[in-house]
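A quick write-up on the structure given underneath.
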Amino acid sequence: TEALETYISRAKKGIEDAALIVGTGKDLMEAVAAHVLRELWGQYPDRANFPTLLGQAFTALELSTPAEKEKEGEHPRRNMERKMYEMACSINKLRNKTGTGHGRPWLPDVTNEEARTSIELVGTISERLLLELKKKNNS
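Using this note's numbering, the first residue of the sequence shown is number 551, and each one after it goes up by one.
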């Protein structure tokens with residue numbers, strides 16, 4: 551957990567290579583999701599795609615994903631959780647399609663502004679997952 555918190559802090563601070571930063575954000579989110587599953591389930595599916603791995607981490611922490619439809623009268627935080635999941639998946643897609651993902655043989659077109667937004671959101675989402683993990687481990 552301490553190593554991941556350091557990773558979050560480092561990622562949120564640096565922004566010299568926009569595409570690399572988006573890729574680092576995706577890697578961080580993936581590492582946090584795997585850590586959550588390893589802590590709570592004792593293992594994680596190392597061959598799962600990003601949305602599946604992240605969805606399993608959200609589920610393990612009892613956070614909502616888009617797979618759980620909104621219920622009348624539910625707390626607004628549930629919708630926020632769904633949006634955090636969707637945002638993380640959107641950042642993964644940005645990395646895969648226009649960043650450094652999968653060794654693309656062209657120049658990335660991710661802007662510095664997109665990279666900054668992406669890494670700050672990934673840092674926030676990662677931080678929330680680790681906070682939820684700590685709460686679960688302390689209960």
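Backbone N, C-alpha and C fix where the C-beta goes; we use that ideal spot for every residue, glycine too. Everything numeric in this text was worked out from a predicted model, so none of it was measured.
- Taken atom to atom, the span from the alpha-carbon of Met579 to that of Pro626 is near 23 angstroms.
- Within the segment 576 to 653, the runs of alpha helix (DSSP H) at least 4 residues long that lie entirely inside it are, in chain order, 600 to 610, 626 to 648.
- Assignment of Ser559 by DSSP, reduced to helix, strand and coil, places it in the helix class.
- Taking a 10 Å sphere around the C-beta of Pro658, we find 16 or more other C-beta atoms and assign the residue as buried.
- The residue among Glu664, Met634, Lys633 with its C-alpha nearest the C-alpha of Leu644 is Glu664.
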